[in-house]
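Residue numbers (UniProt numbering): 1 to 149.
Below is the structure:
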């Protein structure tokens, strides 16, 4: 059974508030499967170092590819995973506060950029955060949209 080319892309951004709990990983997996998500961005993973095993345990199986930004001494952590039957990753860029993927839609060839962001709350690093976002925006000429809370 293939992917329906007439359905809309489903992207789930989710502040998971930690990925170390087995039950939370099961819940994420269940929601992703039920919603038939094409791309998922988990924020605030609170994982010091992402392992391939952890990423795979949060995904939806063999058609999932992924990328992650470790906490690395800062609060947060970001993980994205996507259905490689729907999206082809062209390039992945990891920052301190963000992860960006330049994707091509498998069905129509449209190229676009997704950026998952974990904004710092400390005033002294906010300028660094905005500089990182500006640098990411300059990497690609593809359509790009960011939302910051």
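Ideal Cβ positions, reconstructed from N, Cα and C, are used throughout, including at glycine.
Requested in this report: Go through its chain and collect everything with a Cβ distance to residue 136's Cβ below 7 Å, but skip five positions before and after it.
Outcome: 93, 95, 98, 100 and 115
Query raised in the report: Mind checking residue 27: buried by the 16 CB within 10 Å criterion, or exposed?
Result: exposed
Query - Sequence-distant residues of its chain with Cβ nearer than 7 Å to residue 126 (five each side left out) - result: 120
Query raised in the report: Taking C-alpha atoms, which residue in 31, 112, 35 and 77 lies nearest to residue 89?
Result: 112
Query raised in the report: Can residue 76 and residue 44 be called in contact, C-beta distance under 8 Å?
Result: yes
Query raised in the report: Within this structure, are the beta carbons of residue 102 and residue 131 separated by less than 8 Å?
Result: no
Query - Assigned secondary structure, residue 67 (DSSP; H/G/I helix, E/B strand, else coil) - result: strand
Query - Which of helix, strand or coil DSSP assigns to residue 130 - result: helix
Query raised in the report: In terms of alpha-carbon separation, which member of 85, 123 and 129 lies closest to residue 108?
Result: 85
**Report entry** For residue 121: DSSP bridge partner residues
**Finding:** DSSP, once it has assigned bridges, lists no residue as partnering residue 121.
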